[in-house]
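Student: Sharing a structure with you now.
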Amino acid sequence: MKPEESLQPTLQAFFELLIVGGLSLVTLFWIIPSQTEPSDNFGLSPSMVPTVCVVSIAMLAILQFFSSFLRTEKTDKRQQGLGIPSAIVASTIVGTILIDTVGLVTGGAVVAVLISIVIGERRIPNLVTIMVSAVFLLLFVEWSGL
Amino acid sequence: MELFLQGASDAFTFGAMIAVLGGILLGYAVGVLPGLSRPAALAIAVPITYSMSPIAAIAFLVGVTKASAAGGATGAILLNTPGEPSSAATCFDGYPLSQKGEATRALKVALYTSVFGDIVATIILIVLAAPLASFALKMGPVEMTCVMIFALTFISALSGASISRGLISGIFGIFLATIGLDPESATPRLTFGMVELFDGIPLMAATVGMLAFTEMLNQAEAFVAKDRNKHIKSEPTTKEKEKRLFWKDIRRILPTTIKSTGIGISAGVIPGLGPTIGAFLSYAIAKQTAREGDQFGKGDIKGVAASEAADNAVLPASLIPLFAIGLPGSVSAAILVAAFMLHGVVPGPLIFVEHPRLIYGIYVSMIIASIFMLIVGRIGLNFFAKIASVPASIIIPFIVLFCTVGAYLEADTAFSVFAMIALGVVGFVMQRFGYSVITFLIGFVVGPLFELSLRQALIVTNHDVTKIIDHPIASFFLLAALISAVAFLKPKKLKWKKSV
Chain X
872 MKPEESLQPT LQAFFELLIV GGLSLVTLFW IIPSQTEPSD NFGLSPSMVP TVCVVSIAML
932 AILQFFSSFL RTEKTDKRQQ GLGIPSAIVA STIVGTILID TVGLVTGGAV VAVLISIVIG
992 ERRIPNLVTI MVSAVFLLLF VEWSGL
Chain G
290 MELFLQGASD AFTFGAMIAV LGGILLGYAV GVLPGLSRPA ALAIAVPITY SMSPIAAIAF
350 LVGVTKASAA GGATGAILLN TPGEPSSAAT CFDGYPLSQK GEATRALKVA LYTSVFGDIV
410 ATIILIVLAA PLASFALKMG PVEMTCVMIF ALTFISALSG ASISRGLISG IFGIFLATIG
470 LDPESATPRL TFGMVELFDG IPLMAATVGM LAFTEMLNQA EAFVAKDRNK HIKSEPTTKE
530 KEKRLFWKDI RRILPTTIKS TGIGISAGVI PGLGPTIGAF LSYAIAKQTA REGDQFGKGD
590 IKGVAASEAA DNAVLPASLI PLFAIGLPGS VSAAILVAAF MLHGVVPGPL IFVEHPRLIY
650 GIYVSMIIAS IFMLIVGRIG LNFFAKIASV PASIIIPFIV LFCTVGAYLE ADTAFSVFAM
710 IALGVVGFVM QRFGYSVITF LIGFVVGPLF ELSLRQALIV TNHDVTKIID HPIASFFLLA
770 ALISAVAFLK PKKLKWKKSV
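These protein sequences, in sequence, are chains X and G.
Numbering follows our numbering, in which position 94 of the first sequence is assigned residue number 965; successive positions increment by one, without gaps.
Numbering follows our numbering, in which position 162 of the second sequence is assigned residue number 451; successive positions increment by one, without gaps.
Shown next, in the form of structure tokens:
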């Protein structure tokens, strides 16, 4: 086994612990106390179930970290970027803002066309076809009341 | 018998039959399109029934509900985009089957098992309504909590190689489900002052975001990287052998279908569980009890049969407590209560005394709806299967569009879409690190009911856990959960030892 192959899962586990554990601590000591109010009612405090969940997640993250030393785990070596997913998210956000401000049909059609462009479609006839299809589909949704 | 015949004659009138068929067609359309949920469609369909007779109105709504449950599998199998949250479990094996070129087989299994589960549950409703309803009446919060624990135990069964990651995903789902108004004190909890979060994160946004949107992010990345063969379904199979269902296939899925129908009926009878939990639980049990050679998660028709039979068995079963004690067992049943009231009928024990002819008419209409569902589903099967031949360059933009519009239509606000996008991104990151989004969803769905039942149970038992012994049904489910957990851990343990 090459050194970098054995190191990678451990490093990943460490970063995983750092992210999951760190987020759990932030949630436990800052978000939950600031976002829940104590209740005088008989029963459980509103913060109890969220707190139990976060503590359990933190403990399981530690368990996961230590178990990564014992287990040989095959990791996906394929390097994947974040460019395309980020562009799709951005396009959907733009379309959603348009749906909310201009209308369902316009915003929806923009979403479909932008996503097509993001995944590499550059042929104008195809883009027009996608836009027209999206418009008709959304007009049907509006008309039918669904 | 005379009343039954009178009810049957009402159900066989032209108006009632057309109403059932119309409901089936509308339901299929709603089910196939992702993002358009069954309860939403049912709520919209209620005003359409104003001018109908009570039997036609209820038959129409039953048709919508039944067919949307069956139609939801189509998107799950062909596009990994469930038309309904309850069809999400069908994705696990339906979509891999589609990727292997066996989409038609998967669709056939989904249709036949849906109809089977539906008809059996309807017969159970007709025959055992009163006794089973009396059983459901005995389910208090302590019992419900234990049933939930039993259901939650199976979260691990759906996780990947790491149990701890699976549990983290499930607990994270429960955590996000606590966002909103506190069920007891009604004070805002983890809402960051946003009024939109008072009702919690919308279920549809979570389901669509975590499953469909995340999948589209992955598929788009793979598509651009030209890794099309692995990730993008392009053509359905042309081999007749892979389209047909053989006797050996039916024999293989029959025990799972029967078992899952029973689970679906139980999920329907127990108020609040509903089709989503029923389908996920059924799938988990089927996976848990898998035999050698079964390939759950990699494209096994047994997986499709498990979730679909249970999903479709829920609605008829949820009418048992509705008819017997006026308590709806699911969201769909709750909307049906409104429809009943609209037509001057109050669901409850007295319905058998005051409207026996209507009840029998509804029973017969439900059987007719099942038959129509089979016919419409079978005729439309090849048409739906052709969706798989649409290139990814078309599928991806339109699925993202469906996700966006579906989330938007749930509340007519951009908030639902942003919630869907945020959860999609969370799902994408979780998948990158090997965390199961499906396990997350199970936790998210079960979360609110679990918390409510837990709070009530603690009050009932005066915060004394040992008092659970006084509740035999609760003890039974707790023991079953324990046995299930031990049985589930066993193969994982062996696997771990091997790897070490």
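Think of the CB as a built atom: it goes at the ideal place given N, C-alpha and C, for glycine as much as any other residue.
The model shown is predicted, which means the values in this text are computed figures rather than measured ones.
Taking just the CA atoms, how far does G/I758 sit from X/L915?
Tutor: As a first step, residue 915 of chain X is located in the first sequence; it is residue number 44 there, counting from the start. As a first step, residue 758 of chain G is located in the second sequence; it is residue number 469 there, counting from the start. Spanning the two alpha carbons is a distance of roughly 22 Å.
Student: Would you mind stating whether G/I366 and G/T354 have Cβ atoms separated by less than 8 Å?
Tutor: Numbered from its first residue, the second sequence carries residue 366 of chain G at position 77. Numbered from its first residue, the second sequence carries residue 354 of chain G at position 65. No.
Student: So, is G/F301 buried or exposed, given that buried needs 16 or more other C-beta atoms within 10 angstroms?
Tutor: As a working mapping, residue 301 of chain G is identified with position 12 in the second sequence. Classification for G/F301: exposed.
Student: Quick one: what's got a C-beta closer than 7 Å to G/P491's C-beta in the same chain, skipping five residues either side?
Tutor: Translated into the one-based positions of the second sequence, residue 491 of chain G becomes position 202. Contacts found: E699, A700, S705 and A708.
Student: Secondary structure at X/P921, three-state DSSP: helix, strand or coil?
Tutor: Position 50 of the first sequence, counted from the first residue, corresponds to residue 921 of chain X. In this structure, X/P921 counts as helix in the three-state DSSP scheme.
Student: So, is G/H644 buried or exposed, given that buried needs 16 or more other C-beta atoms within 10 angstroms?
Tutor: Position 355 of the second sequence holds residue 644 of chain G. It is buried - the Cβ of G/H644 has at least 16 other Cβ atoms within 10 Å.
Student: How would you label X/R993, buried or exposed, when you count the other beta carbons within 10 angstroms and need 16 or more for buried?
Tutor: Locating residue 993 of chain X in the first sequence gives position 122, where the first residue counts as 1. It is exposed - the Cβ of X/R993 has fewer than 16 other Cβ atoms within 10 Å.
Student: Near G/A769, what residues of its chain come up, given a Cβ to Cβ distance below 7 Å and the 5 sequence neighbours on each side ignored?
Tutor: For the purposes of this step, residue 769 of chain G is taken as residue 480 along the second sequence, with counting starting at 1. Taken in chain order, the residues that qualify are F439.
Student: Among the residues of its own chain, which have a CB less than 7 Å from the CB of X/V1006, if the five just before and after it don't count?
Tutor: In the first sequence, residue 1006 of chain X corresponds to position 135, counting from 1. Contacts found: V976 and A980.
Student: Counting only the same chain and skipping the five closest in sequence on each side, list residues whose C-beta sits under 7 Å from that of G/K756.
Tutor: Taking the first residue of the second sequence as position 1, residue 756 of chain G is located at position 467. For G/K756, where only same-chain residues beyond five positions count, the Cβ hits under 7 Å are T750.
Student: Roughly how many angstroms lie between the CA atoms of G/I656 and G/I413, to the nearest whole one?
Tutor: Translated into positions along the second sequence, residue 656 of chain G becomes position 367. Translated into positions along the second sequence, residue 413 of chain G becomes position 124. G/I656 and G/I413: Cα-Cα distance of roughly 12 Å.
Student: So the alpha helix (DSSP H) G/E643 belongs to, where does it begin and stop?
Tutor: To locate residue 643 of chain G, count along the second sequence from 1; it is residue 354. Counting along the chain, the alpha helix (DSSP H) containing G/E643 begins and ends at I640 to E643.
Student: Among G/G361, G/D589 and G/L771, which one has its Cα closest to the Cα of G/K389?
Tutor: Locating residue 389 of chain G in the second sequence gives position 100, counting from the first residue. When each option's Cα is compared against that of G/K389, the closest is G/D589.
Student: Mind checking X/L1009: buried by the 16 CB within 10 Å criterion, or exposed?
Tutor: One-based indexing of the first sequence puts residue 1009 of chain X at position 138. Per the 10 Å Cβ criterion, buried.
Student: Which residues in the same chain have their Cβ closer than 7 Å to the Cβ of X/K948, if we skip the five residues on either side of it in sequence?
Tutor: Looking up residue 948 of chain X in the first sequence gives position 77. Per-residue confidence for X/K948 stands at a pLDDT of 47, beneath the threshold of 50, marking its modelled position as unreliable; the derived number appears in the next sentence. So the list is empty, once near-sequence residues are dropped.
Student: Does DSSP classify G/R721 as helix, strand or coil?
Tutor: Counting from one through the second sequence, the residue named residue 721 of chain G turns up at place 432. If DSSP states are grouped into helix, strand and coil, G/R721 belongs with the helices.
Student: Enumerate in chain order the residues of its own chain whose CB-to-CB distance from G/S474 is below 6 Å, with the five nearest sequence positions on each side excluded.
Tutor: Residue 474 of chain G sits at position 185 when you count from the first residue of the second sequence. None.
Student: Quick one, are the C-beta atoms of G/T476 and G/F487 less than 8 Å apart?
Tutor: Locating residue 476 of chain G in the second sequence gives position 187, where the first residue counts as 1. Locating residue 487 of chain G in the second sequence gives position 198, where the first residue counts as 1. It is not a contact, given that the beta carbons lie outside the stated cut-off.
Student: Closer than 6 Å by C-beta to G/H520: which residues in its own chain qualify, once you throw out the five before and the five after it? Chain order, please.
Tutor: One-based indexing of the second sequence puts residue 520 of chain G at position 231. Confidence is the limiting factor: at G/H520 the pLDDT is only 44, short of 50, which leaves the residue's position unreliable, though a coordinate-based value still follows. Closer than 6 Å at the Cβ level, and outside the excluded window around G/H520, lie Q508 and A511.
Student: Using CA coordinates, which residue listed in X/S918, X/A983 and X/I890 is at the minimum distance from X/Q906?
Tutor: Your numbering for residue 906 of chain X matches position 35 in the first sequence. Nearest of X/S918, X/A983 and X/I890 to X/Q906, Cα basis: X/S918.
Student: Quick one: is G/A770 near chain X, going by C-beta distance under 8 Å?
Tutor: The count along the second sequence starts at 1 and reaches residue 770 of chain G at position 481. G/A770 does not count as touching chain X.
Student: Round the Cβ separation of G/G320 and G/A358 to the nearest angstrom and send it over; I've been treating them as touching at under 8 Å.
Tutor: The residue labelled residue 320 of chain G in the question sits at position 31 within the second sequence. The residue labelled residue 358 of chain G in the question sits at position 69 within the second sequence. Their Cβ separation, rounded to whole angstroms, is 7 Å, which keeps G/G320 and G/A358 in contact under 8 Å.
Student: Comparing the C-beta of X/A983 with each C-beta of chain G, is any distance below 8 Å?
Tutor: Within the first sequence, the letter at position 112 stands for residue 983 of chain X. X/A983 counts as touching chain G.
Student: By Cβ distance below 6 Å, which residues in the same chain neighbour G/A399 in space, the five residues on each side in sequence not counted?
Tutor: For the purposes of this step, residue 399 of chain G is identified with residue 110 of the second sequence, where counting begins at 1. Result list for G/A399: A362, V593 and E597, in chain order.
Student: Check for me: the alpha helix (DSSP H) holding G/Q388 runs from which residue to which?
Tutor: For the purposes of this step, residue 388 of chain G is taken as the residue at position 99 of the second sequence. Start and end: A377 to Q388.
Student: On a Cα-Cα basis, can you pick out the residue from G/V497, G/D600 and G/F502 that is closest to G/K548?
Tutor: Your numbering for residue 548 of chain G matches position 259 in the second sequence. The candidate whose alpha carbon is nearest that of G/K548 is G/D600.
Student: Determine, using beta-carbon pairs with one atom in the region 725-732 of chain G and one in the region 982-993 of chain X, whether at least three such pairs fall under 8 Å.
Tutor: Verdict: no, contact absent.
Student: For X/I959 and G/S451, what's the separation of their Cα atoms in angstroms?
Tutor: For the purposes of this step, residue 959 of chain X is taken as the residue at position 88 of the first sequence. For the purposes of this step, residue 451 of chain G is taken as the residue at position 162 of the second sequence. Roughly 30 Å between the two C-alpha positions.
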